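Going down the list, the protein sequences come from chains A and B. Numbered by our numbering, the letters in the first sequence go through residues 24 to 336 in order. Numbered by our numbering, the letters in the second sequence go through residues 315 to 829 in order. Even for Gly, the Cβ is constructed at its ideal location relative to N, Cα and C. Everything numeric in this text was worked out from a predicted model, so none of it was measured.
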Amino acid sequence: MSDAPQEERTPVSLATATSDDPHMQPLARDPERTERLIAIAMFFGILGIIGFGVAYWFNADAWVYGFTMGIGVLLLGFGITAWGKYLMPKGPFVEERHELRGTDEERESLAAAVVQRGGGILGRRKLLGGVAGLGLAAFGIVAAFPLVRSLGPLPKKTLTKTDWRRGSYLVDSTGRPVHVDDLAVGGIVTVFPKGYQDTESGQAVDQTVLIRLTTENFTTRPGRETWGPAGYVAYSKLCSHLGCPVGLYEQQLQSLVCPCHQSMFDVTNGCVPTFGPAPRPLPQLPIYVDGRGYVRAQSDYKEPVGPGYWERS
Amino acid sequence: MSTTSTDNTDAKREAFGPVGKIVGELDDRLGIAKGGRSLLDKIFPDHWSFMLGEIALYSFVILMATGIFLTLFYVPSQSIVVYHGSYAPLRGQHVTAAFASSVDLSFDVRCGMLMRQMHHWACDIFVGAIVVHMARVFFTGAFRKPRELNYTIGTVLLILAIGNGFVGYSLPDDLVSGTGLRIAFSITESVPVVGTYLAFFLFGGNFPGTAIIPRFFVIHVLLIPLIILGLVSAHLFLLVRQKHTQFPGKGRTETNVVGAPMVPVFAAKATGFLFMVTGVTALLGALAQINPIWLFGPYDAAKISYAVQPDWYMGWLDGALRIWPSWEFVGFGYTIPLEVFLPAAVFPGVVFGICFAWPALERWYTKDNAMHNLLDRPRDRPKRTGAGAAMLAFLGMMFIASSTDVLANYFHVSLNGMLWAMRILVIAVPLLTYPITVKICKELQAVPEGGKRKRANVVTRTPEGEYLAVPAVSRPGDGHVELDAEPVPTFIEFTEDSGDETEGSSEEGVRRVSR
């Protein structure tokens with residue numbers, strides 16, 4: 024702050040207010056009454072605050088703490104604000120704004136100093152300036168290595184693969200393998216490849232919905248003739264929009280619905296999206312029923328599961 | 315101190331007793347006297363809309379106080395523990411330490427539930443107050459020269475507040491917050507070229523991993539709060555340096571500030587208001603349940619609950635994600651998930667970009683490069699007001715779009731109908747809002763005394779059956795004539811027994827005033 028405006032202000036002997044100066048009067052018409060009301064409000068505020076202490080001491084219900092403290096602090100605050108508004112000098116008072124800008128000479132002098140010291144003194148040594156700039160740039164780039172690169176592994180192929188393998192048993196969240204007789208027509212269960220039902224990554228990446236549409240083999244798309252044995256179809260449970268679990272099954276529409284943004288997928292038609300923001304079908308897991316009647320995976324998914332990303336072709 | 319006042323004799327200075335001594339000693343070392351007096355006298359203009367920013371500031375104070383309490387109990391770890399707390403339905407379940415500690419601090423720490431709920435409510439109030447404060451600044455033109463920088467800082471603060479709200483909301487590791495994290499991962503992944511790298515660096519690998527909760531914890535309690543604290547300080551410093559704006563009125567010019575002095579009037583009002591905001595937050599925390607994580611249960615990547623809703627300030631982005639068409643670009647061996655990248659990254663970028671650019675845009679459009687310390691009434695700037703209203707309408711429609719499923723259910727219309735209705739409304743409502751707002755502004759300009767409350771009439775019937783309408787006698791504020799503003803006086807001269815506050819002054823009609 025420049026000194027000039029303060030020099031103007033401080034030494035000036037401001038008007039000495041007398042106690043009958045209207046500016047010094049409170050806003051309240053009847054200050055004594057207002058004071059009493061405020062005091063009463065603050066008194067109840069104190070009661071509330073004491074109530075909080077009592078509630079704490081006796082370990083009262085959770086809401087009692089907040090209620091007593093809230094009422095107490097609210098009334099106390101109301102009192103203090105009302106004191107300021109109604110009983111302190113109502114004013115209004117005025118203060119001059121001091122100009123932010125300096126004089127033309129001060130501006131010139133600063134600009135001249137920047138130009139001379141920057142362009143003149145620093146600019147004279149172009150080599151050193153360049154080398155210093157290069158050094159700082161190199162430091163910035165190198166410093167980014169630990170700050171960025173150390174934070175995590177590179178994606179590599181992790182997004183394109185899941186833990187499903189040829190022969191993986193489809194197990195539910197408790198690890199029980201699904202048998203061909205387990206689901207009635209219209210039934211649905213969330214399954215994982217055996218051995219991954221407890222792992223966090225397994226839950227996040229491998230989660231698959233198994234739905235029984237009929238009792239006959241079911242073909243959802245041309246080329247998937249063997250993928251739907253005994254009316255069972257399995258789709259990735261990761262929504263192709265943002266990766267929420269597609270957790271709702273509309274049995275009558277034979278559609279999977281994502282609760283996050285309401286994308287709908289037609290289960291009978293390769294889970295192509297029929298509604299909502301999802302751009303792609305849910306990948307279907309090829310499955311088969313083994314000799315003992317257990318449902319197992321033919322292979323991993325044929326395409327990456329979950330939402331889209333740059334490297335996904 | 316260069317005192318010239320003749321009153322200020324040594325004898326008089328003695329009268330200030332120990333305070334005078336302390337001020338003297340401090341002034342010798344810190345030089346406080348010179349600026350100190352003008353700081354006490356600093357004038358704050360008075361208008362209800364100026365307290366909106368105060369609400370934001372006080373919510374931030376509450377956030378820090380309750381937040382520090384929560385960090386003493388919260389465990390930022392995704393390692394699996396068995397829950398043994400007092401909430402029976404979860405007992406014996408394998409949950410993350412983050413979730414278990416969040417439930418524990420709610421049920422097994424005395425006052426913990428109140429602190430958690432107050433923290434969450436204070437966050438919603440914080441962001442809300444910033445938004446309303448920003449709207450006030452926008453509609454009254456307070457962002458104009460010389461305050462563009464402070465406006466920019468405020469906008470950055472809004473972004474940081476929203477960001478930290480989301481990060482904090484993710485920490486309990488419950489089913490809803492975990493779903494939010496999944497969506498955050500997918501949005502990061504959607505960035506062209508570097509998306510998967512960004513997502514893997516942020517989460518320390520593929521989703522969910524075990525790094526995100528500890529990382530978000532540090533971001534939530536240290537990194538962003540530190541930046542917010544620094545920027546709030548800068549915001550307030552610039553406010554003091556440039557002085558507050560004021561509405562035009564009696565004796566108010568571009569070169570002065572009319573209002574109440576900082577000490578004691580403004581300080582009393584502000585302190586009381588801090589308590590009032592705290593009180594309301596405590597009442598909300600006590601009586602209005604928020605984010606009951608024990609009902610949602612721990613996060614399980616394969617589970618989800620219906621009608622998943624983020625906090626209110628994320629609603630506009632969620633709405634955009636819902637109604638955006640499912641356009642994905644696939645070609646040249648690459649994929650650009652435009653259905654995610656555009657609504658979740660580009661769209662907020664454009665909205666905040668407009669916010670940042672507005673002062674410059676308006677300066678360019680109006681060719682107005684003058685200093686402005688007097689505020690506009692919104693009606694006097696119909697185009698700006700219209701544009702602001704249209705933006706709010708646009709964001710409001712996006713917000714409503716984030717509950718298409720709930721609305722479709724409630725109104726018994728098809729989800730498809732709701733979706734298309736929102737797609738149309740998001741465009742149509744702002745387009746209609748602009749001309750309607752401009753028209754209202756112009757009408758209000760034309761009405762003398764427009765916007766002021768009309769005085770009520772008291773209708774009486776005389777014994778003869780005649781009806782008379784007489785304007786009502788008084789309203790609060792009637793008869794209160796605003797005086798001409800004066801500089802804050804040095805001190806008050808008391809008659810006779812000065813400093814004594816007993817009633818009964820020697821002069822008739824003179825009220826005794828405490829110093």
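What E462 of chain B touches in chain A, judged by beta-carbon distance under 8 Å, is nothing: the nearest beta carbon there is about 13 Å away.
According to DSSP, R235 of chain A shares a beta bridge with A:Y255.
N82 of chain A sits exposed, since fewer than 16 C-beta atoms from the chains shown fall within 10 Å of its C-beta.
At a cut-off of 7 Å between beta carbons, C267 of chain A contacts chain B. Cβ proximity to chain B below 8 Å picks out I94, G95, V96, L97, L98, L99, G100, F101, G102, I103, T104, A105, W106, G107 and K108 from the stretch 94-110 of chain A. Judged by beta-carbon spacing, T751 of chain B lies within the 7 Å limit of T699 of chain B, meaning their Cβ atoms are closer than that value.
In this structure, G647 of chain B sits away from P176 of chain A, with a CB-CB distance that is not shorter than 7 Å.
The residues V280, in chain order, have a CB closer than 7 Å to that of E273 of chain A in the same chain once the five nearest residues on each side in sequence are set aside. Around T524 of chain B, the same chain offers Q392 as residues with beta carbons nearer than 7 Å, after the five sequence neighbours per side are excluded. Interface criterion not met: the Cβ of E368 of chain B is under 7 Å from no Cβ in chain A. Identification of chain B residues near E223 of chain A by a Cβ-Cβ cut-off of 7 Å yields P522 and A615, ordered along the chain. Distance between A659 of chain B and H433 of chain B, taken at the CA atoms: about 28 Å. Here R424 of chain B is exposed. Its C-beta has fewer than 16 other C-beta atoms within 10 Å.
Among the residues facing chain B, L174 of chain A is included, as its CB has a counterpart in that chain under 7 Å away. Under the three-state reduction of DSSP output, E131 of chain A falls in the helix class. Nearest CB-CB separation between N771 of chain B and chain A: not below the 7 Å threshold. Among the CB atoms of chain B, none fall inside 7 Å of the CB of A167 of chain A. Within the same chain, A411 and A414 come within 6 Å of V395 of chain B by CB-CB distance, once the 5 residues on both sides are set aside. Here DSSP, grouped into helix, strand and coil, assigns V290 of chain A to helix. When C-beta distances to chain A are compared with 9 Å, the residues of the stretch 583-604 of chain B below that value are K583, A584, T585, G586, F587, L588, F589, M590, V591, T592, G593, V594, T595, A596, L597, L598, G599, A600 and L601, in chain order. Nearest neighbour of S278 of chain A by Cα position, chosen from A:F298, A:L265, A:V328 and A:S263, turns out to be A:F298. Distances from the CA of V594 of chain B to each of A:L98, A:I63, A:P49 and A:G74 were compared; the closest alpha carbon is that of A:L98.
A straight-line Cα-Cα distance of about 26 Å links G702 of chain B and A436 of chain B. Interface residue (Cβ-Cβ distance to chain A less than 7 Å): E780 of chain B is not classified as such. Residue pairing for A783 of chain B: DSSP places it in a beta bridge opposite B:V773. Counting C-beta pairs closer than 8 Å gives three or more between the stretch 354-362 of chain B and the stretch 558-567 of chain B, which meets the contact rule. Closest in alpha carbon position to R124 of chain A, among B:I439, B:I538 and B:R555, is B:R555. The Cβ atoms of S286 of chain A and P268 of chain A lie no closer than 7 Å to each other. Going by DSSP, A525 of chain B is part of no alpha helix (DSSP H) at all; its letter is neither H nor E. Nearest in C-alpha terms to V772 of chain B, of all of B:V409, B:A786 and B:Q759, is B:A786.
Here DSSP, grouped into helix, strand and coil, assigns T297 of chain A to strand. Taking a cut-off of 8 Å for Cβ pairs, the stretch 565-574 of chain B and the stretch 100-118 of chain A touch, as three or more such pairs fall below it. Among the residues of chain B, those whose CB is under 8 Å from the CB of C283 of chain A are T493, I497, I618 and V622, following chain order. Within the stretch 442-473 of chain B, the residues whose Cβ lies closer than 8 Å to some Cβ of chain A are P460, listed in chain order. Secondary structure at P216 of chain A: strand, using DSSP grouped into helix, strand and coil. K149 of chain A is classed as exposed because its beta carbon has fewer than 16 other beta carbons within 10 Å across all chains shown.
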